[in-house]
Each structure stands twice: as C-alpha cells, then as structure tokens.
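First residue of the sequence shown? That's 1 in full-length UniProt numbering, and the numbers climb one at a time after it.
In what follows, a single structure is set out as structure tokens and then discussed.
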Amino acid sequence: DIRPRFHKPRSHTIKHNAGAGDSNMSGGGESDDEDEGGADADDGSLSDWNLRKCSAAALDVLANVFGADLLPVLFPILKETLFHEDWVIKESGILALGAVADG
1 DIRPRFHKPR SHTIKHNAGA GDSNMSGGGE SDDEDEGGAD ADDGSLSDWN
51 LRKCSAAALD VLANVFGADL LPVLFPILKE TLFHEDWVIK ESGILALGAV
101 ADG
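Structure follows, in structure tokens:
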C-alpha cells in the first residue's frame, strides 16, 4: 500500500548565543524535530481511516463518476436499508445516502 503524505510545517528554533552551554540549542535545530514527528505522526493518521470512512469515500467517488446512472442501482438498496429494523443497517443506509448526496 502507498502511505498518504501530509504536509507538516517546519518548526523554527531560536538561536542562542554561543557559550550558552547547550550544544543542542545552538541553531542547527532540525535534527531532532524531523526524527520525533516522522513515522509516529504518520501511524496516527492512518488509524483514522476505517471501513466507514473508506466506504463513504468510495460511494462519493462512484457518485461523482457515474452521476445519475448510479441511482437505479442504489435506490433498491437504500429502500431496504433505510426501513430496516436493525439500527446498524439503518445507519449504514443513512450514511450511504449522505455519501452520494450532492453538496
């Protein structure tokens, strides 16, 4: 799989006078900042995607590509799910309707 890349603003460090005693804060700055946020920040963002979000994104793409041609396929499924007794299935129908809705 290809990991998504997210833009991260570079953090700026304050330069201290030479002789302040702390060699880590001498203005070279970026070495520790890059290592701390690298892989850990990407792992957290990947866990945000779940089956619900992926399905909604897929339905959104299908609706944008196929437009009105998708409706005859989708309406029978929505009729069944929106009036189902189980709330989980009913919720999935509502989410699908929201994913294909225009705007």
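Glycine residues also receive a C-beta, built at the ideal position from the N, C-alpha and C atoms.
- Across the structure, L70 and V100 are spaced so that their CA atoms are roughly 9 Å apart.
- Judged by DSSP secondary structure, D48 falls outside any alpha helix (DSSP H); it is assigned neither H nor E.
- Secondary structure at F83: coil, using DSSP grouped into helix, strand and coil.
- Non-local C-beta neighbours of I89 in its own chain, meaning closer than 6 Å and more than five positions away in sequence, comprise T81, ordered along the chain.
- The C-beta distance from R52 to L97 rounds to 14 Å, too long to meet the 8 Å contact threshold.
- Going by C-alpha positions, V61 is about 10 Å away from S55.
- It is roughly 13 Å from the alpha-carbon of G67 to the alpha-carbon of A58.
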